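Colleague: The numbers in the sequence shown follow our numbering, run straight up by one, and end at 406.
Where is the CB? At the ideal position from N, CA and C, for every residue including glycine.
Predicted model only: the values in this text are computed from it and were never measured.
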Amino acid sequence: MRVQRESYMSPIRSTISVRAYAAIYRLLNRVSPVDGDCGLLCGSVCCRAEDEDRTQNLGIYLLPGEDALFTKDEDWLEWDFSRAEDSDFPDSWNGIVYFIKCEGPDTCRRETRPLQCRFFPLAPHLTKEGQLNMILYPDNALPYRCPLIKNKIPLSQDFIKASYTVWRRLIDDPLIRDLVEYDSAYRRKSKLTFIYPHR
Ligand code: SF4
Ligand code: SF4
C-alpha cells in the first residue's frame, strides 16, 4: 500500500547516508541469530501481524533515513507514519517517523527486511558510562515469547559481532544515539542479559 502523503511535515533527519544503510543491509544479509530458521521454534511469532492474544497489531519503526532504501510501493509492506513528538521518542526527535507492517514470513524479503528485524533478539544498550553493549531484548518488553530469549539459546558469534559493529556505526548519528540512550536509561534498573562485549 502506498504511504499517505506527508506534505507539511519533514522526515526526521539522519546523518547515515543511503549508501551506508545499503552497506549495513549487505553486512547483515550474511548473518542470522542461529543456524537454520528459528521461526520453526515458535511459528515465527515475532513476525506475525498480531500478538499471541490478537489484541495488539504489531509493526516496526524504521530508523531515521532508513526509508530511503524502500520505494514505499512494496506490495508486502503497509506504510504509516507519525510525528516523533507525538510518540515515545527522545525530545530531540522532531519530524516524521515511518512505521511499517509486513504481511508476515510467507512474503518476507530477507534482503530488504528492516533493520529492527535483523537485530532481534539483540538490542543495543548504553551503560551510564556510555559504553555500547549488545543485550538480549528484555523479555518483559515484548508482547510475545521468543524461545531464543526465554531459553537463552546461544546466538551465532558472527551475528553478535555484526550487530555490534553496525550499532557502533549507527550511534555516530546523534539522534540514533539519543534513541539508544533513551531506551537504555528506561531499562537500566532492570535485570539485563549482556551478550557482547563481555565486561
Ligand atoms: S527471533 Fe525468536 S520469536 Fe522471532 S522467529 Fe526467532 S525464535 Fe521466534
Ligand atoms: S519484515 Fe520479515 S522479518 Fe520483519 S517482521 Fe516482517 S516477516 Fe518478520
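Buried or exposed for residue 401, going by 16 or more other Cβ atoms inside 10 Å?
Modeller: So residue 401 ends up on the exposed side.
Colleague: What residue does the alpha helix (DSSP H) around residue 391 start on, and which one ends it?
Modeller: Taken as a continuous stretch (DSSP letters only), the alpha helix (DSSP H) holding residue 391 covers 381-394.
Colleague: Please report the residue range of the alpha helix (DSSP H) in which residue 373 lies.
Modeller: Counting along the chain, the alpha helix (DSSP H) containing residue 373 begins and ends at 364-377.
Colleague: Return helix, strand or coil for residue 268, following the three-state DSSP convention.
Modeller: In this structure, residue 268 counts as strand in the three-state DSSP scheme.
Colleague: Round the Cβ separation of residue 307 and residue 284 to the nearest angstrom and send it over; I've been treating them as touching at under 8 Å.
Modeller: Correct: roughly 5 Å between the Cβ atoms.
Colleague: Between residue 371 and residue 340, what straight-line distance do the alpha-carbon atoms span, to the nearest angstrom?
Modeller: If I take the Cα positions, the gap works out to 7 Å.
Colleague: When the Cβ atoms of the segment 326-337 are set against those of the segment 298-316, are three or more pairs found closer than 8 Å?
Modeller: As far as the Cβ criterion goes, the segment 326-337 does not touch the segment 298-316, which means the pair count is below three.
Colleague: Which residues end up in the neighbourhood of ligand 1 when you take C-beta atoms closer than 7 Å to any of its heavy atoms?
Modeller: Going by the Cβ distance cut-off, the answer is 240, 245, 246, 248, 249, 251, 252, 253, 254, 327, 328, 351, 353, 354, 355, 356.
Colleague: Secondary structure at residue 316, three-state DSSP: helix, strand or coil?
Modeller: Reduced to three states, the DSSP call for residue 316 is coil.
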